[in-house]
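Read the structure below first, then the notes.
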Amino acid sequence: MSRAHLARHAATAVGATLFAVASATSPAPAQPAVRERPPALGSAAPLTVPAVHRERLANGLALSVVEQRELPLVQLVVSFPGGARLDAANAGIAAFTANMLDEGAGTRDAATLQSELAFLGASLQTGADWDRITVSLKVPVRSLAPALDLLADVIRRPTFASAEVKRQRDLRLTAILQQRDQPNALADIAFNSTLFPTGHPYHRNAGGDSATVAAIDSSAVRNFYARALRPEHAQVVVVGDIAAERARAELQRRLGDWRAAGAPAVAAAVTTAPRREVRTRVYLVDKPGAAQSVISIGWPGVDRLSPDYAPLMVMNTLLGGSFSSRLNSNLREAKGYTYGASSRFTFRKLPGPFIASAAVRTNVTDSSLVEFFKELRAIRDQPVSNDELQRAKAYVELALPGSLESTSQVAGAIAQLAVFDLPLAELSTYAAKVRRVTTADVQRVARQYLHPDQASVIVVGDLNSVRPSIEALKLGEIVVLDLAALTR
Amino acid sequence: MSARRPVIALVIALVAGVIATPAPRALHAQGAQGVQGASPRLRVPVTVDTLPNGLTLIVHEDHSVPTVATNVWFHVGSGDEKPGRTGFAHLFEHLMFMGSEHAQYPQFDRLLESAGASNNGTTNNDRTAYYEWGPRHALPLMLWLEADRMGWLLPTMDSAKVDAQREVVKNERRQGVENQPYGIVEDISAPAMYPKDHPYSWPVIGSMADLSAASLEDTKEFFRKYYAPNNAVIVVAGDVKGDSVRALVRQLFADIPRGPAIARPTPAPIVPRDTVIVAEDRVQLPRLYLSWHAVPRFHADDAALEVTQYLLSGARNARLTSAVVYEQELARDVYAQNDAKKLAGDFTVVATARPGKALNVVRDAIDRELVRLATDGPTDRELQQARNALESQFLNRLEFVNAKAEQLNEYYYFTGTPDAFQRDLDRMQGVTAADVKRVVNQYLRAPRVTVSVVPTGKKELAATAGGAQ
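So the sequence lines, in the order shown, correspond to chains Y and X. Here my numbering is used: the first residue of the first sequence is 1188, the next is one more, and so on. Here my numbering is used: the first residue of the second sequence is 14, the next is one more, and so on.
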């Protein structure tokens, strides 16, 4: 059945409206036959940024509540800042600790805990990214109280039983082993390790490698937990069919007397800068017999709080952030090299990378590199057309309110903005900034933030077939990376 | 299967990182509540109209958010292809975005993006779906584009377009099959499960040879036969006024001529027999696929098989997950799937062995759990968990108007009633322990198709014939 497949694509469904699009839709002023021209569109619905009730419990826990009464559902997102950035020498410990939170808590073992949640019709997920550990719960409002009891156990009383730690460690090591099968995972690992030198927190995978994961035991998990999951740093976002007073009372009852012991985790000062190549360099990873080469091209990116954020997003949308972007139109549609080419700036607490990428047919690996570089240079060298600009701006701006459609989207947006200490009003401010972006802005940020002559290029593919033609391009020095070392 | 394009990282990545939660908006309808006890009846109000040319229109108003979704099903899938031209329905799905008389390539994508809207399409064995979603003011544009390609695609179709999308689809196949660990199973399972000439006996994405063989003439013939209003159903759902949608659809689609009546051949009979297949792949760990013939969608036993799928692998305490992954530590993961289609269905259990474990051992452990479930049935507590969890999943799936539009089309296709939500939920909630025992006994025992994918040169890790059943 197509069900799962459709969900995967539709899951990013966004849309809703902000402001009327101007020239980009080519509305017909005259009115010829209905078929001849696309219809003129009416004005778009305005963006509504939800009202957020904010307060702090006595122990420091920050609470944000948005009432959204249409459905009898409540979504909670509890975040603890830090995440994998706090890993230090124990690469993967944040992700592992997050994963262990629901593997037994309070008096319940893992299977009991998760079956009770399912019995309540609730779903609970735990995870970590670079900047935070997150526990999220979605529950029908009638099951809220018992589900919150379970959530409180997961947050305050995780068991971290040695047997479960060992089991999850074995599973994680198996997953690391399987990365060797996945060219995209290999490209990511290679990219991180070349762009972020040893000593930088992003050098290793957020999930760790086999050496660091093998060293994880219950005491390491307990220690990390105590330092990273603390009420004074916790941010709880509640969205759904619930009044702020009730949300506060329910959380006060379960988390109000929570006090952490010992010292909190503090992110070490980062003294290592990301590496922008002096001259473009090509890193090759061999996947014998591969039908495609996975290409990633990039360099250190931008701070989320940069004043250039809005023009950067518009620039990237037309470069590689939408279906009709230049990269996708060229490499997929015009040349037929790939199923999809795209680009993105990745924002983390410390600047993440810019990456342009595609999986391309093996025998056009060199030609694909040529086209990538052509596009990365063209958007710096010539101003973009007004038509392209208007399309990209409209797409960014009009898709924005759709990201506030569901309870989890609202909760997720509030929690994510909090990572950067941005208020929810940022959404409307951002829309206004997008509207002001000009072709000159696009060219300026392209010149400032795209560095095709100082790129790290990763190619994961069948090197016997692709290496000679890549060398012939003379993009820069060629370095062959060892697969075993990458996936150790 | 086989969507036309990968989802490109959208620009709304206001801040980076991963949102760890799935996005929940449950059904916008009266009484989509809770999990236990009696819930009010679930209703999704719709109107159904048929134009004189045979086009069916289903409209559902949902004013909770200012968005709209269109969802067009053409009742043609890979099951309607001819041997030697497999993959054609999906290739054609791509061609539908290549421009039409009044919206020349690449206007389809560009116009929608300019309105803040997105689009995509998917193909499976039975149908091809096209959908757009976005701000409500984009609806006239969505319908105008759909009408133009339904009525005026052929005048602009040429070999260059067919060739271009042929390459894209071959790349899609490389990405999803050739360059994907365990991707070769895609080519193995359908022909192993269904007799030659059965419509489900080839993969939806087709073979490289057949994709190469597709011609412009094939394209034209296919379009004339299947892409006609009488073989299509349009759903419009969202923040719209029903009357104006109906008027707009009449205005745009009424003059598209009806197509020929479609005669569909009777599928070849399925005679299940034990089949054991071993394939080598460049993978680290062996993986086992056990497949049985089950039932078509909405067959009387379909719901019990859905519940069985949950009981086997839907939660941490599910039978297979608990036994094979956690207690015995034989598999890295295990996953059961009930795949019910129009003409037939199959049920598959997939398990990836842990390092050092052979697939016979994994298979025997799975068989023991199946026998246990068939003999003892689920406990009351397990069954109630399954009902509650499936109800929540059911409601959560429908939180986006886009997903609801697709569901309306699916219900209409399989039951003739677009608003079959409560009926679907009721049949799931009505499954008993005896039903589960019965369907496990009836469908999940021999004969079956056993596929082992093993690391190159490690055939000794494969599952052999037989098993503990």
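Yeah, the Cβ is synthetic: ideal placement off N, Cα and C, and Gly gets one too. This structure is a prediction, so every number in the text was calculated from the model and none was measured.
message: Do N138(X) and G92(X) count as a contact pair if the criterion is CB distance below 8 Å?
response: yes
message: I want to verify the contact list: residues of chain Y whose CB lies under 8 Å from the CB of R123(X), in sequence order.
response: S1511, R1578
Coarse secondary structure for W215(X), derived from DSSP in three states: coil
field: Bridge-paired residues (DSSP) for Q1422(Y)
entry: A1249(Y), S1266(Y)
message: Can you check whether the C-beta of A1586(Y) is within less than 8 Å of a C-beta belonging to chain X?
response: yes
task: Work out the CA separation of P1327(Y) and E1419(Y) for me, nearest whole Å.
output: 28 Å
task: Could you work out which residue in R458(X), V320(X), Y240(X) is closest to S304(X) when comparing CA atoms only?
output: R458(X)
task: Just the chain X side, please: which residues come within less than 8 Å of V1632(Y) by C-beta, in chain order?
output: Chain X residues near V1632(Y): none, gap ~14 Å exceeds 8 Å.
query: Which bits of chain Y does Q322(X) rub up against, with CB to CB less than 7 Å?
result: The contacting residues do not exist; Q322(X) stays about 11 Å from chain Y at best.
field: Nearest neighbour of P1494(Y), chosen from Y1389(Y), A1413(Y), Q1635(Y), A1398(Y) [CA to CA]
entry: Q1635(Y)
N1573(Y) burial status per 10 Å Cβ neighbour count (16 or more: buried): exposed
task: With 8 Å as the threshold, decide whether the Cβ of F1306(Y) is near any Cβ in chain X.
output: yes
task: Measuring only between beta-carbons, confirm whether S1230(Y) sits less than 8 Å from chain X.
output: yes
task: Output the distance between the C-alpha atoms of P1588(Y) and S77(X), rounded to the nearest integer angstrom.
output: 13 Å
- prompt: Is it true that the CB of A353(X) sits closer than 8 Å to the CB of V452(X)?
  reply: no
query: Is there a Cβ from chain X that is less than 8 Å from the Cβ of L1358(Y)?
result: yes
- prompt: Ends of the alpha helix (DSSP H) at N351(X)?
  reply: Unbroken run through N351(X) is the beta strand (DSSP E), 344 to 353; no alpha helix (DSSP H).
message: Can you confirm whether Q117(X), when its beta carbon is compared against all beta carbons of chain Y, has any partner nearer than 8 Å?
response: no
- request: Count the C-beta pairs between the stretch 1335 to 1353 of chain Y and the stretch 161 to 180 of chain X that are closer than 8 Å, then say yes if the count reaches three, no if not.
  value: no
query: With a CB to CB cut of under 6 Å and the five nearest residues on each side skipped, what residues in its chain are close to T1386(Y)?
result: Reading the sequence as shown, one finds Gly at residue 1386(Y) and not Thr. Taken in chain order, the residues that qualify are T1459.
message: According to DSSP, simplified to helix, strand and coil, what is P1219(Y)?
response: In this prediction, P1219(Y) has a pLDDT of 46, which is less than 50 and means its spatial position is unreliable; nothing more can be read from the coordinates.
- prompt: In its own chain, which residues sit with a C-beta less than 6 Å from the C-beta of E199(X), not counting the 5 before and 5 after it?
  reply: V190, P216
message: Any beta carbon of chain Y sitting closer than 8 Å to that of T80(X)?
response: yes
query: The alpha helix (DSSP H) with F235(X) in it runs from where to where?
result: 229 to 239
message: Quick check on Y144(X): does DSSP put it in helix, strand or coil?
response: strand
- prompt: Under 8 Å Cβ-Cβ, which residues of chain Y neighbour V466(X)?
  reply: Residues of chain Y passing the Cβ test: none, with the nearest at roughly 11 Å.
- request: Consider the Cβ of A1197(Y): report whether some Cβ of chain X lies at a distance smaller than 8 Å.
  value: Caution is warranted here: a pLDDT of 24 is assigned to A1197(Y), below 50, making its placement in the model unreliable, and the coordinate value is therefore given only provisionally. Yes, A1197(Y) counts as interfacial toward chain X.
- prompt: Quick one, are the C-beta atoms of G1599(Y) and V1239(Y) less than 8 Å apart?
  reply: no
message: Need the endpoints of the beta strand (DSSP E) that R1468(Y) sits in, please.
response: 1468 to 1473
- prompt: Listing by chain order, which chain Y residues have their CB less than 8 Å from the CB of L154(X)?
  reply: T1212, P1225, P1226, L1228
- request: Would you be able to state if there are at least three C-beta pairs under 8 Å between the stretch 317 to 326 of chain X and the stretch 287 to 297 of chain X?
  value: no
message: Give me the subset of the stretch 335 to 353 of chain X whose CB atoms are less than 9 Å from a CB atom of chain Y, sorted by chain position.
response: S335, V338, Y339, E342, R345, D346, Q350, N351, D352, A353
message: Tell me the rounded alpha-carbon separation between G164(X) and F110(X).
response: 14 Å
Where H562(X) sits in the DSSP three-state scheme: Here chain X comprises residues numbered 14 to 482, so residue 562(X) is not present and cannot be evaluated.
query: Where do the ends of the beta strand (DSSP E) carrying D256(X) lie?
result: From DSSP, D256(X) is part of no beta strand (DSSP E) but of the alpha helix (DSSP H) over 255 to 266.
query: Which runs of the beta strand (DSSP E) spanning at least 3 residues fall entirely within the stretch 444 to 480 of chain X, listed in chain order?
result: 462 to 468
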